[in-house]
Structure formats: structure tokens, C-alpha cells
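Residue 1418 in the working numbering is what sits at position 175 of the sequence shown, and the numbering runs on without skipping anything.
Presented below is the structure to which this report refers.
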Amino acid sequence: MLTDIVPEQFATLDTLHPGRIDLGVGRAAGAAGPSIRALRGDASERDFEQDIGMLTDYLQDNGQQPVRGIPDAHEVPLWILGSSMQSADLAARLGLPYAFASHFAPRFLTSAIAHYRHHFQPSARLKRPYVIAGVNVIAADSPAEADFHASSHFHWVNSLYQGRPGPLPRPQEGCLQGLSAAEQQVLDQAMACSVVGDPLLVATADKSSRAKIKKSHFTEEVANEAIEPTIC
1244 MLTDIVPEQF ATLDTLHPGR IDLGVGRAAG AAGPSIRALR GDASERDFEQ DIGMLTDYLQ
1304 DNGQQPVRGI PDAHEVPLWI LGSSMQSADL AARLGLPYAF ASHFAPRFLT SAIAHYRHHF
1364 QPSARLKRPY VIAGVNVIAA DSPAEADFHA SSHFHWVNSL YQGRPGPLPR PQEGCLQGLS
1424 AAEQQVLDQA MACSVVGDPL LVATADKSSR AKIKKSHFTE EVANEAIEPT IC
């Protein structure tokens, strides 16, 4: 993470669009090895918590930074992004809102949110725990049509877990036929936070997910423009 450039860019965006900009930070570099090394320089194992502290300093007028690249303090909402117990613990200790990547890593969703809420320490930025949980939603006019469009994602996930990552394939009927019981189990676990079906099924699953997780915020990756994300 470029701890000087990131706050400058987001503070500029916040100046242009007040109240509409959130900044989410996570451990994953989101790039290939050479790119990561080029960005991090000598700090190959930079302390993530220290980075967050530096980032917060840049966004606040607290006198900790000798040089400031933004004209005044900006209270850009700062989120911890993660998919593990480690990220949940960090968000709780720092008193920051937490966004869990359950749309691709649902295994630890319930336990991570429970840990975050139980160990949350209020901070100047946040007084109570606040959570986002991601859900894949693929909706169409009929369940059959939704299943057809979802086949792209299912096929991609299955290939990824078999060590064959690649671009998202085109929809294809029957692309998952012939899976072994073990392969089907892995796929079912990976897609535990996904909803596929018509609008009625999606709405019903939405309510069920809210009741189960009791989360503060609900975000979805929507594959049909006719279905709006539900925010609460």
C-alpha cells in the first residue's frame, strides 16, 4: 500500500464527491509478484497495522505527518477488508468497520463476524461494530435462465479450486455435469454465500441471510441490472 498516495487520492475524491467515498484496505496486494515488489520496495513484509496508522495520520490533522498532501482533514470512512479471523481481529482492535469477503470466501463468515463483534473496541471513528457481508446474486426472469447465466461463475470457481484459474467462461448448460461427490462438496462450500434464481427467490434468500447473520450492512454483486442491491 502506498500510504501517502492512497490518502491523497481518496481525500481528493472526497472533496469532489463529499460523503460518497469510502476507503477499504486489506492485506492482499492484488497484483503479481514483480508488481508487489516494485510497489513495496524494501518493505516486503511491511506491517499492515502500521500502514493503517500512517494512512489514518494522513487523513487527520493530528500533527503526526511532517508533510501533508491534502489541504485539510478528511473523515473518509476507513474499512478493513478481509476473509479471515486475522482481519476480523484487526478490525475489532482498531475499532474500524469490517467488510468480509464472503462472496468468495464464505467459510469463516459467521465465526469472523462473531469474533469482530465480541472483541470490538470503540474508537474515534466508530462507536459500535459495523459489518458488510458480500453475497453473489445472479437473478433472471426464471430459475432456468438464472442457472444458465450462473454456469459461468460456477464453472470458473470449479476450475479455480482445481488449480486451473482463468478468465470467466461463457455460460454453458451442463458444464458441471459429471462432478465427483468431493468436487461437488467443494463447489457447494465455495458458493455458500451465493443466490441464484428468479426475483422472488432472491428476495426470500435476502431476508433469510439478514436474519441468519444479523449484519449491519448488506452488499451484493448483482448480475442482472433489473435487480437493485439491497442496502440497510
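All residues carry an ideal CB built from backbone N, CA and C; glycine is no exception.
Cβ-Cβ separation, residue j to residue i (assumed contact under 8 angstroms), whole Å
i, j, result
"A1376", "V1439", "Not a contact, Cβ separation roughly 18 angstroms."
"F1397", "L1419", "6 angstroms"
"P1481", "L1333", "Past the edges of the chain, shown from 1244 to 1475, lies residue 1481, and the structure says nothing about it."
"L1369", "G1338", "5 angstroms"
Close beta carbons around residue i, own chain, < 6 angstroms, minus the five adjacent residues each side
i, result
"F1363", "A1335 and P1372"
"F1347", "none"
"V1429", "Y1404"
"K1458", "Residue placement at K1458 is flagged as unreliable, the pLDDT there being 49, under the threshold of 50; a coordinate-derived value is accordingly withheld."
"P1365", "G1338"
7 angstroms CB neighbourhood of residue i in its chain, flanking five on each side removed
i, result
"A1446", "none"
"G1409", "S1402"
"L1443", "none"
"S1385", "D1441"
"L1256", "I1264"
"S1395", "L1411, P1412, R1413 and P1414"
"F1291", "R1270"
"Q1432", "R1350"
Contact check, residue i vs residue j, beta carbons under 8 angstroms
i, j, result
"L1324", "G1269", "yes"
"L1259", "V1319", "no"
"A1357", "Y1341", "no"
"A1387", "H1317", "no"
Per DSSP, the bridge partner or partners of residue i
i, result
"A1342", "L1324 and I1375"
"A1382", "G1440"
"G1267", "W1322"
Chain D contact for residue i (CB, 8 angstroms cutoff)
i, result
"T1299", "Chain labels in this structure do not include chain D; a single protein chain is all it has."
Cutoff 8 angstroms; reference residue i; Cβ partners in own chain excluding five residues on either side
i, result
"M1328", "F1351, S1354, A1355 and H1358"
Query - the stretch 1378 to 1388 touching the stretch 1422 to 1442, judged by at least three CB pairs closer than 8 angstroms - result: yes
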